[in-house]
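Residue numbers (my numbering), protein chains in the order written: chain H, 1 to 115; chain X, 1001 to 1111. In this text, a Cβ means the ideal position worked out from N, Cα and C, and glycines have one as well. From a predicted model like this one, the values you see are computed outputs, not experimental measurements. Take a look at the structure set out below.
Now the structure itself:
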């Protein structure tokens, strides 16, 4: 059973470009979470999605950031017009049908560098 | 508001000794807690969890203790090994809402 997959693992973007980060949850998992981690800091919750629905986006900036989890395909975290402050590691986690009160399984992360 | 914090940001232990990593939380309504281990360049890895109706849970070489009275969580690692060197995070969850992570403790195992 493959774990949570994220791609790309490393992404370099110039200021003003768009970044698209992909997350494929574990098989059978329909809950996806996105977190951001700055160097030497903990993970900060961004958004929680179920298939085709955003459940909680309280941790995601209102501008430039968006997330989706379509019926088919991976979850996408999209950052428009990236700025240097967006440079961070972005982790995706998934959990099974029973919901957010259970264990979350993390992917290896996408390290975004904005130049 | 919610907050999760750690008493010690860094911890160095001798190989073979026991390690204790602490975590304080402020949301008394949190009902589920997880300890994660994160090695350099990797995603967090589940170590052990505990629900609020328990005060102790043991795994392989690890024990989590929960003191709800003082809102304190600890992770004990027995016979610490070089492979245990990593950053350890506690995370709390309140009835299915998103997880709140602490800032992390870096554990260094000395030969």
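Buried or exposed by the 16-neighbour rule on C-beta atoms within 10 Å, applied to residue i
i, result
"residue 1079/X", "exposed"
"residue 104/H", "buried"
"residue 1104/X", "buried"
"residue 110/H", "buried"
"residue 12/H", "exposed"
"residue 73/H", "exposed"
"residue 93/H", "buried"
"residue 1092/X", "buried"
"residue 1038/X", "buried"
is_contact[residue i, chain H] using C-beta, thresh 8 angstroms
i, result
"residue 1042/X", "yes"
"residue 1048/X", "no"
"residue 1103/X", "yes"
"residue 1033/X", "no"
"residue 1098/X", "yes"
Any chain X beta carbon closer than 8 angstroms to residue i
i, result
"residue 104/H", "yes"
"residue 65/H", "no"
"residue 109/H", "yes"
"residue 11/H", "no"
"residue 48/H", "yes"
Alpha-carbon to alpha-carbon, residue j and residue i
i, j, result
"residue 59/H", "residue 1100/X", "11 angstroms"
"residue 81/H", "residue 1083/X", "40 angstroms"
"residue 15/H", "residue 89/H", "17 angstroms"
"residue 1034/X", "residue 84/H", "32 angstroms"
"residue 114/H", "residue 8/H", "14 angstroms"
"residue 78/H", "residue 19/H", "6 angstroms"
"residue 1050/X", "residue 36/H", "24 angstroms"
"residue 1111/X", "residue 1068/X", "35 angstroms"
"residue 5/H", "residue 107/H", "5 angstroms"
"residue 1042/X", "residue 41/H", "14 angstroms"
"residue 1062/X", "residue 1085/X", "14 angstroms"
"residue 87/H", "residue 112/H", "5 angstroms"
"residue 1040/X", "residue 1046/X", "15 angstroms"
"residue 1010/X", "residue 1109/X", "11 angstroms"
Beta-carbon proximity of residue i to residue j, cut-off 8 angstroms
i, j, result
"residue 1075/X", "residue 1064/X", "yes"
"residue 67/H", "residue 49/H", "yes"
"residue 1071/X", "residue 1028/X", "yes"
"residue 22/H", "residue 55/H", "no"
"residue 1052/X", "residue 1026/X", "no"
"residue 1059/X", "residue 1048/X", "yes"
"residue 1036/X", "residue 1089/X", "yes"
"residue 47/H", "residue 57/H", "yes"
Residue i Cβ short of 7 angstroms to the ligand NAP heavy atom set
i, result
"residue 73/H", "As presented, the structure is devoid of all ligands, the ligand NAP included, so that no description of it is given."
Report task. Would you check if the region 1013-1020 of chain X and the region 14-31 of chain H touch, i.e. whether three or more CB-CB distances between them fall below 8 angstroms? Result -> Fewer than three pairs of CB atoms, one per stretch, sit closer than 8 angstroms, so the region 14-31 of chain H makes no contact with the region 1013-1020 of chain X.
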